[in-house]
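Report on one structure; see the data block that follows.
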Amino acid sequence: MICRQQVADLTKYAKDFEDRQMQLVVIGNGAPHFIKAFREDTGYPGKIYTDPSLNTYKSLNLKRSLGSLFGLKSVKEGLRAAASGYLQTEIQGDALQQGGAIIVGPGDVLHYVYRNSEAGDHAPVEEMLAG
519 MICRQQVADL TKYAKDFEDR QMQLVVIGNG APHFIKAFRE DTGYPGKIYT
569 DPSLNTYKSL NLKRSLGSLF GLKSVKEGLR AAASGYLQTE IQGDALQQGG
619 AIIVGPGDVL HYVYRNSEAG DHAPVEEMLA G
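Taken in order, the sequence shown gives residues 519 to 649; the numbers are from my numbering.
Here is the structure:
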């Protein structure tokens with residue numbers, strides 16, 4: 519539910535990313551059949567991929583742990599997501615896997631990396647746009 523909230527929030531900045539010639543791409547870890555509902559729930563119009571094997575997450579050294587689900591920020595952001603209507607109906611991927619924000623390109627140039635420390639910890643949009 520927190521992931522959906524984050525993507526819905528990022529969708530509001532789509533024009534800002536586009537103006538900077540940046541393309542948002544979402545990579546989740548749930549089964550592919552969840553993509554349609556995820557898109558509908560978040561309003562995200564861009565590219566969505568999924569990697570249930572978690573190989574992408576491993577190669578980017580993104581955190582995966584039970585402890586990352588129970589921090590103060592996780593609880594706070596979970597309540598915020600629920601209050602905004604993003605309720606957890608079923609687990610749609612590896613809930614222990616944390617995400618991040620990576621800005622690459624043009625070409626293979628890595629401009630920005632943010633690794634979430636816990637559920638609800640997200641890259642500040644201002645930092646991403648400054649990428």
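The beta-carbon is built from N, C-alpha and C at its ideal position, and this holds for glycine as well.
- Counting the other CB atoms within 10 Å of its CB gives Q524 a total of 16 or more, which places it among the buried residues.
- Proximity of the segment 559-576 to the segment 539-551 meets the contact definition, three or more beta-carbon pairs being nearer than 8 Å.
- In the structure shown, H629 adopts extended strand secondary structure according to DSSP, grouped into three states.
- In the three-state scheme derived from DSSP, where H, G and I count as helix and E and B as strand, Y567 is classed as strand.
- In the DSSP assignment, A532 falls outside any beta strand (DSSP E) and lies within the alpha helix (DSSP H) extending over 532-537.
- Buried is the label assigned to D639, since at least 16 other Cβ atoms lie within 10 Å of its Cβ.
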